[in-house]
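All remarks here apply to the structure that follows.
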Amino acid sequence: MTINTRLLRDSKKTRWGMLLIISFVMFAAYIASDNIFSVEKILMDPSGYAVTQTEYDNLAGAYSIFNVYLLMLIFGGLILDKMGIRFTGIMSCILMVGGIGMLTWSLFDLRSLVDAGTQTGYMSILGAKLRTPVFWAVIGIGIYGVGAEIAGITATKAIAKWFVGYEMALAMGLQLALARLGTGIAYGATPVIVNSVGGNVGIAVLIGLILLCIGLVAFLFYSIYDKKLDRQIRENGIRENTASPEDEFHFKDIIQVIKNPAFWMIAFLCLLFYAAVNPFLKYSTGMMTAKFGVSETLAGLFPLILPMGCIVLTPLFGRIYDKKGHGADLMIFGAFLITAVHLLFSAPFITDKWIALILMALLGVGYAMLPSAMWPSIAKIMPAKLLGTTMALTFYIQNIGFIFVPKAIGAIKESTGDNYTYVMLFFALLGVVAILLASSVKLLDRKKHYGLQEPNIREQE
Numbered sequence: 000m001t002i003n004t005r006l007l008r009d010s011k012k013t014r015w016g017m018l019l020i021i022s023f024v025m026f027a028a029y030i031a032s033d034n035i036f037s038v039e040k041i042l043m044d045p046s047g048y049a050v051t052q053t054e055y056d057n058l059a060g061a062y063s064i065f066n067v068y069l070l071m072l073i074f075g076g077l078i079l080d081k082m083g084i085r086f087t088g089i090m091s092c093i094l095m096v097g098g099i100g101m102l103t104w105s106l107f108d109l110r111s112l113v114d115a116g117t118q119t120g121y122m123s124i125l126g127a128k129l130r131t132p133v134f135w136a137v138i139g140i141g142i143y144g145v146g147a148e149i150a151g152i153t154a155t156k157a158i159a160k161w162f163v164g165y166e167m168a169l170a171m172g173l174q175l176a177l178a179r180l181g182t183g184i185a186y187g188a189t190p191v192i193v194n195s196v197g198g199n200v201g202i203a204v205l206i207g208l209i210l211l212c213i214g215l216v217a218f219l220f221y222s223i224y225d226k227k228l229d230r231q232i233r234e235n236g237i238r239e240n241t242a243s244p245e246d247e248f249h250f251k252d253i254i255q256v257i258k259n260p261a262f263w264m265i266a267f268l269c270l271l272f273y274a275a276v277n278p279f280l281k282y283s284t285g286m287m288t289a290k291f292g293v294s295e296t297l298a299g300l301f302p303l304i305l306p307m308g309c310i311v312l313t314p315l316f317g318r319i320y321d322k323k324g325h326g327a328d329l330m331i332f333g334a335f336l337i338t339a340v341h342l343l344f345s346a347p348f349i350t351d352k353w354i355a356l357i358l359m360a361l362l363g364v365g366y367a368m369l370p371s372a373m374w375p376s377i378a379k380i381m382p383a384k385l386l387g388t389t390m391a392l393t394f395y396i397q398n399i400g401f402i403f404v405p406k407a408i409g410a411i412k413e414s415t416g417d418n419y420t421y422v423m424l425f426f427a428l429l430g431v432v433a434i435l436l437a438s439s440v441k442l443l444d445r446k447k448h449y450g451l452q453e454p455n456i457r458e459q460e
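Numbering that gives the first Met the number 0 applies: residue 0 is where the sequence shown begins, and numbers increase by one.
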């Protein structure tokens, strides 16, 4: 018998309040993830941290080492579907705090050693010989990466739970937008902060650590409401596989995920798309100074354009998907835009900083367009009880790109004498394959009728 037909998520104020908490956690996560890569020159300066190219490449790829090599993302998705949103979210926040705490300590230690002219020992990881503080920085980023990626899939499942039948794509778009704001602040503000404290990068990372601690407290508050919603769903006998994964999920159901061809297409589209953008940001400040003659401080502001554009456009594209549909078309156009931008960046005759500014803005449009449709589309393709595992497998495949693309870029730079033309052509090639995959998703949708081209909001809403 139905006791109460109105759930917490039916209150617009409540569900958007929950979205705000989830978004703040990811906002803090992106600040903590990206701030050190906005000061590449300071890290590699012999009078600063004396980070070598090999060390920097390993720092840039450290985010995914445990996720890929130890399959931690896969386990995270299984934990999410088996243990639920609250347990997994708290666990991921603790991992992020611990990882960034280790990174902060490592940077302060490395700075003190360089300032004192003290020699340090070396440790190896994945065939790379790193100074001991850099080694522990890599480990810290790796631990943080486990927490951040699990937090990402938890956030997606939480939004799908609170916004089912409502503005799901808009909500996911806003969450992505606020996360991108974290990236923008990291790239825009970190160089200013670091220069104001005498080049001490550890101070900027410490700020990210404090924000993550606040995020952990905020998620504990979210968990109170999430538990209430679960209770309401049970009392009303609602069986939608979003609220009680511990009752619904079975490990054998993973076969449903790996047998679905649409999953593989979107997962590899995710890999190519993010590999063509996120690693690019980590090397973009170097390109801006080398190719476009931009100062180091100003170079940190150029990547800020991309996430700032996402703040406005991701919710807009999400709203279009909610109201009008065309999710597959949005993915195709987004992949096309990033490919075109990388091709123009690769042109040797384009060296004007104003053109670089425009290209970064266009990249921001593509960066907003494709994810605003891709993540809600996964929720359409797979049953909600498998969403955690599906997202984990998708993120796992994505993380493979995060490990190997920085190594490929480092090899290209070394073999071409830091010639960014070849680096950008490599990114453009990733974009071309992404276009082909996005087009294939649209064709498969026509055959399987997933509804990717249909609106998300129910007509009665």
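Here a beta-carbon is modelled for each residue, glycine too, at the ideal position from N, C-alpha and C. Small disclaimer: the values here were computed from a predicted structure and weren't measured.
Expressed to the nearest angstrom, what Euclidean distance is found between the alpha-carbon atoms of PHE23 and GLU166?
-> 19 Å
Under three-state DSSP, which class holds PRO314?
-> helix
Out of LEU18, ILE411, GLY387, point me to the one whose CA is closest to ALA217's CA.
-> LEU18
Are the CB atoms of TRP374 and THR153 nearer to each other than 8 Å?
-> no
Taking C-beta to C-beta, are GLY365 and LEU336 nearer than 8 Å?
-> yes
Contact check, LEU58 vs ILE140, beta carbons under 8 Å | Yes, they are a contact pair.
By a C-beta neighbour count over all protein chains shown, 10 Å radius and 16 as the cutoff for buried, is TYR121 buried or exposed?
-> exposed
Cβ of ALA266 within 8 Å of Cβ of ILE149?
-> no
Taking LEU280 as part of the alpha helix (DSSP H), name the residues at either end of that continuous run.
-> 277-289
How far does the alpha helix (DSSP H) with ALA61 in it reach, from first residue to last?
-> Careful: ALA61 lies outside any alpha helix (DSSP H) and carries neither H nor E.
Same chain, Cβ closer than 6 Å to SER222, five either side skipped, listed in chain order = For SER222, the CB contacts under 6 Å within the same chain, skipping 5 residues up- and downstream, are ARG85 in chain order.
For MET122, the first and last residue of its enclosing beta strand (DSSP E) = 121-124
With DSSP as the reference, label ARG5 as helix, strand or coil.
-> Secondary structure of ARG5 (DSSP, three-state): coil.
Please report the residue range of the beta strand (DSSP E) in which LYS128 lies.
-> 127-130
Note down the Cα distance separating LEU280 from ALA159, rounded to an integer number of angstroms.
-> 29 Å
Indicate whether the contact test is met: 3 or more Cβ pairs, each with one atom in the region 89-97 and one in the region 130-146, closer than 8 Å.
-> The region 89-97 is in contact with the region 130-146.
ARG130 versus MET286 - alpha carbon distance = 26 Å
Mapping DSSP to helix, strand and coil, what is TYR165?
-> coil
Three-state secondary structure assigned by DSSP to TYR68 | helix
Check the C-beta distance from LEU343 over to LEU356 and give it rounded, since I have them as a contact under 8 Å.
-> Incorrect: roughly 12 Å between the Cβ atoms, too far for contact.
At which residues does the alpha helix (DSSP H) containing GLY201 begin and terminate?
-> 200-234
Is there contact between the region 184-194 and the region 27-37, where contact requires at least three CB pairs shorter than 8 Å?
-> yes
Can you tell me which of the three DSSP states GLU453 falls into?
-> coil
Between the Cα of PHE102 and the Cα atoms of CYS92, LEU271, GLY201, THR119, which residue gives the shortest distance?
-> Reading the sequence as shown, one finds Leu at residue 102 and not Phe. Minimum Cα-Cα distance from LEU102 among the listed residues CYS92, LEU271, GLY201, THR119 corresponds to GLY201.
May I ask you to report which of helix, strand or coil DSSP gives THR53?
-> helix
Nearest-angstrom beta carbon gap, MET390 and ILE377 [assumed within contact, 8 Å] = 7 Å
Below 8 Å between beta carbons: does that hold for SER105 and ALA61?
-> Contact flag unset, no.
Kindly provide the ranges of any beta strand (DSSP E) runs that are 3 or more residues long and lie completely inside the region 73-161, ordered along the chain.
-> 121-124, 127-130
Quick one: using the 10 Å Cβ neighbour count with 16 as the cut-off for buried, is SER46 buried or exposed?
-> exposed
Have a look at LEU175 and SER32 and give me their C-alpha separation to the nearest angstrom.
-> 15 Å
Residue from LEU429, LEU208, TYR320, SER439 whose Cα sits closest to the Cα of ILE456 = TYR320
Any idea what DSSP makes of ASP444, helix, strand or coil?
-> helix
Pick out whichever of ASP351, ILE408, THR388 has its Cα sitting closest to the Cα of LEU72.
-> THR388
Smallest Cα separation from THR338: which of TYR273, PHE316, THR313, ILE138?
-> Checking every option, the nearest Cα to that of THR338 belongs to TYR273.
Quick one: grab the DSSP three-state call for ILE354.
-> Three-state DSSP puts ILE354 in a helix.
The alpha helix (DSSP H) spanning ASN398 covers which residue range?
-> Its alpha helix (DSSP H) spans residues 386-415.
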